[in-house]
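S.K.: Residue numbers (full-length UniProt numbering): 1 to 331.
Think of the CB as a built atom: it goes at the ideal place given N, C-alpha and C, for glycine as much as any other residue.
All figures in this text were calculated on a predicted structure; none of them were measured in a lab.
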């Protein structure tokens, strides 16, 4: 992996050029049979065991290979389809997802339903052989570059909270969809607002039973926040090691408080790994929420530590470009 990564240079994932380069890399992995090794062979995988997949992911990120443009699909939607989708959905979605030909976005959060997913108001009505969708989503990662999204919508009028929701697969390239990128403090636009105005998708593209989308969505969250974070933790480790290197170069490592914060960060990273490994084959209530809190808080705090390590060097002039540590802090 390390020997081949430099043959396919990838710029920042947050630029269109860089994102397209990541898609090319996804296709290279897919053609080599290394994109989705835990999937069944009939869908482009290698039937790898969970342990084999974990080892592969860790070695992948250790090699310094780039992140994958198709991660929203392969890490979240694909496991959900294996658990709740139909054979027709698997055959239609998975090959183009794994190769990077089709990119998927997760369209769940709304202005009035962020962490409170059960409060979604986006509605979908079955009209003939199509679902007609109306509403707004926000913080939708990569929607401006994606071809499809997976949507949680209310399909039973008058239903409340967890009831009456459905999990739909919706094409983004259609007249009824408007996507507005959200400019972040870094100047990038990873997130988007997505507006559905009589957008349509086929009746057959509901995952699970209509009205039972809450359970399907919870399965997706489990996949997103559980064992799949083990590979991500290797990337975090590389970031932390890089920051320790900066601290040694600048002399910030001589500050006892800086050393304490870096040590605490290292300990937190080991705790994340231990938790993910311990829950790899065990499903406990709330474990996905604990996992999300662990890695989200850890990564946010790493950005704060990076500013402490850089000191005055962490400042930038108006119009200046941000380095990786400033981007991490602002993200």
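Excluding the 5 residues preceding and the 5 following residue 308 in the sequence, name in chain order all residues of the same chain whose CB lies nearer than 7 Å to its CB.
M.R.: By 1-based counting over the chain shown, the position of residue 308 is 308. Correct list, in chain order: 258 and 261.
S.K.: Applying the 10 Å Cβ sphere with the 16-neighbour rule, what's the burial state of residue 334?
M.R.: Residue numbering for the chain in the displayed model covers 1 to 331; residue 334 lies beyond these limits and cannot be assessed.
S.K.: Which same chain residues end up closer than 6 Å to residue 129 when comparing Cβ atoms and leaving out the 5 residues on each side of it in sequence?
M.R.: Here residue 129 is taken as the residue at index 129 of the chain shown, counted from 1. Closer than 6 Å at Cβ, skipping near neighbours: 203.
S.K.: In angstroms with no decimal places, state the Cα-to-Cα distance between residue 138 and residue 72.
M.R.: Counting from one through the chain shown, the residue named residue 138 turns up at place 138. Counting from one through the chain shown, the residue named residue 72 turns up at place 72. C-alpha separation (whole angstroms): 16 Å.
S.K.: Let me confirm a value: residue 126 is counted as buried when at least 16 other C-beta atoms fall within 10 Å, else exposed. Which label applies?
M.R.: By one-based count along the chain shown, residue 126 stands at place 126. Exposed, because fewer than 16 other Cβ atoms sit within 10 Å of the Cβ of residue 126.
S.K.: Tell me, which residues are paired with residue 197 by DSSP?
M.R.: The residue labelled residue 197 in the question sits at position 197 within the chain shown. 134.
S.K.: How is the alpha helix (DSSP H) around residue 82 delimited, first residue to last?
M.R.: The sequence position of residue 82 within the chain shown is 82, counting from 1. Looking at the DSSP string, the run of the alpha helix (DSSP H) that includes residue 82 is 78-84.
S.K.: Starting from residue 179, follow its DSSP beta bridges and name the residues at the other end.
M.R.: The residue given as residue 179 occupies position 179 in the chain shown. Note: residue 179 sits in a beta bridge opposite 194.
S.K.: Following the continuous alpha helix (DSSP H) through residue 55, name the residue where it begins and the one where it ends.
M.R.: If you number the chain shown from 1, residue 55 lands on position 55. Residue 55 -> alpha helix (DSSP H) spans 50-62.
S.K.: Looking only at its own chain, which residues have a Cβ that is under 6 Å from the Cβ of residue 100, when we skip the five neighbours before and after it?
M.R.: Locating residue 100 in the chain shown gives position 100, counting from the first residue. Once the five neighbours on either side are set aside, the close Cβ partners of residue 100 are 23, 26, 27, 69 and 70.
S.K.: Please classify residue 267 as buried or exposed, where buried requires at least 16 neighbouring CB atoms within 10 angstroms.
M.R.: Walking along the chain shown from the start, residue 267 turns up at place 267. Exposed, since its Cβ has fewer than 16 Cβ neighbours within 10 Å.
S.K.: Does residue 301 come out as helix, strand or coil in the three-state DSSP assignment?
M.R.: As a first step, residue 301 must be located in the chain shown, where it is residue number 301. Note: residue 301 maps to helix in three-state DSSP.
S.K.: Please look up how many angstroms separate the CB atoms of residue 143 and residue 172, rounded, as I've assumed it's under 8 Å.
M.R.: As a working note, residue 143 is residue 143 in the chain shown. As a working note, residue 172 is residue 172 in the chain shown. Yes, residue 143 and residue 172 are in contact; Cβ-Cβ is about 7 Å, under 8 Å.
S.K.: Can you find at least 3 beta carbon pairs, one from the segment 108-117 and one from the segment 172-190, that sit closer than 8 Å?
M.R.: Not touching, per the Cβ criterion.
S.K.: For residue 197 and residue 303, I'd like the C-alpha separation in whole angstroms.
M.R.: Reading the chain shown from its first residue, position 197 is the one you call residue 197. Reading the chain shown from its first residue, position 303 is the one you call residue 303. Cα-Cα distance, rounded: 38 Å.
S.K.: Please check if any C-beta of chain B sits within less than 9 Å of the C-beta of residue 32.
M.R.: Chain labels in this structure do not include chain B; a single protein chain is all it has.
S.K.: Do you know offhand how far residue 248's Cα is from residue 255's?
M.R.: Along the chain shown, one-based indexing puts residue 248 at 248. Along the chain shown, one-based indexing puts residue 255 at 255. Each residue's alpha carbon lies about 10 Å from the other.
S.K.: Exposed or buried, what is residue 122 when buried is set at 16 or more other beta-carbons lying within 10 Å of its beta-carbon?
M.R.: Locating residue 122 in the chain shown gives position 122, counting from the first residue. When all chains shown are included, residue 122 counts as buried.
S.K.: Looking at residue 150 and the ligand GTP, is the gap between the Cβ and the nearest heavy atom below 8 Å?
M.R.: The ligand GTP is absent from the structure shown, which contains no ligands of any kind.
S.K.: Across the segment 176-187 and the segment 155-167, are there enough close Cβ pairs to call them in contact, namely three or more that are closer than 8 Å?
M.R.: With the cut-off at 8 Å, the segment 176-187 and the segment 155-167 do not touch.
S.K.: Is the number of C-beta pairs between the segment 42-49 and the segment 209-219 that are closer than 8 Å three or more?
M.R.: Verdict: no, contact absent.
S.K.: Leaving out five residues before and five after residue 98 in sequence, what residues of the same chain have Cβ atoms less than 6 Å from its Cβ?
M.R.: Here residue 98 corresponds to residue number 98 of the chain shown, with the count starting at 1. Counting only Cβ-Cβ distances below 6 Å, and skipping sequence neighbours, we find 30, 35, 36 and 44.
S.K.: What do you reckon, are the CB atoms on residue 295 and residue 233 nearer than 9 Å?
M.R.: Position 295 of the chain shown, counted from the start, is the residue given in the question as residue 295. Position 233 of the chain shown, counted from the start, is the residue given in the question as residue 233. Yes, the Cβ-Cβ distance between residue 295 and residue 233 is below 9 Å.
S.K.: By how many angstroms is the C-alpha of residue 264 removed from the C-alpha of residue 299?
M.R.: On the chain shown, residue 299 is found 299 positions in, with the first residue counted as 1. On the chain shown, residue 264 is found 264 positions in, with the first residue counted as 1. Their Cα atoms are separated by approximately 12 Å.
S.K.: So, helix, strand or coil for residue 223, using DSSP?
M.R.: Working through the chain shown from its first residue, we reach residue 223 at position 223. Residue state, collapsed to three classes: helix.
S.K.: Which class does residue 156 belong to by DSSP, given the choice of helix, strand or coil?
M.R.: Taking the first residue of the chain shown as position 1, residue 156 is located at position 156. In the structure shown, residue 156 sits in coil (DSSP, three-state: anything other than H, G, I, E or B).
S.K.: With residue 118 and residue 151 assumed to form a contact (beta carbons below 8 Å), what rounded beta-carbon distance in angstroms separates them?
M.R.: The residue labelled residue 118 in the question sits at position 118 within the chain shown. The residue labelled residue 151 in the question sits at position 151 within the chain shown. The pair is not a contact, with the Cβ atoms about 15 Å apart (cut-off 8 Å).
S.K.: Between residue 41 and residue 95, what straight-line distance do the alpha-carbon atoms span, to the nearest angstrom?
M.R.: As a position in the chain shown, residue 41 is number 41, starting the count at 1. As a position in the chain shown, residue 95 is number 95, starting the count at 1. Going from the Cα of residue 41 to the Cα of residue 95 covers about 11 Å.
S.K.: Since residue 311 and residue 252 are thought to touch, with beta carbons under 8 Å apart, how far apart are those beta carbons, to the nearest angstrom?
M.R.: As a working note, residue 311 is residue 311 in the chain shown. As a working note, residue 252 is residue 252 in the chain shown. About 7 Å separates the two Cβ atoms, so the contact holds.
S.K.: Tell me the DSSP secondary structure of residue 150 in three-state form.
M.R.: For this step, residue 150 is matched to residue 150 along the chain shown. Correct three-state label for residue 150: strand.
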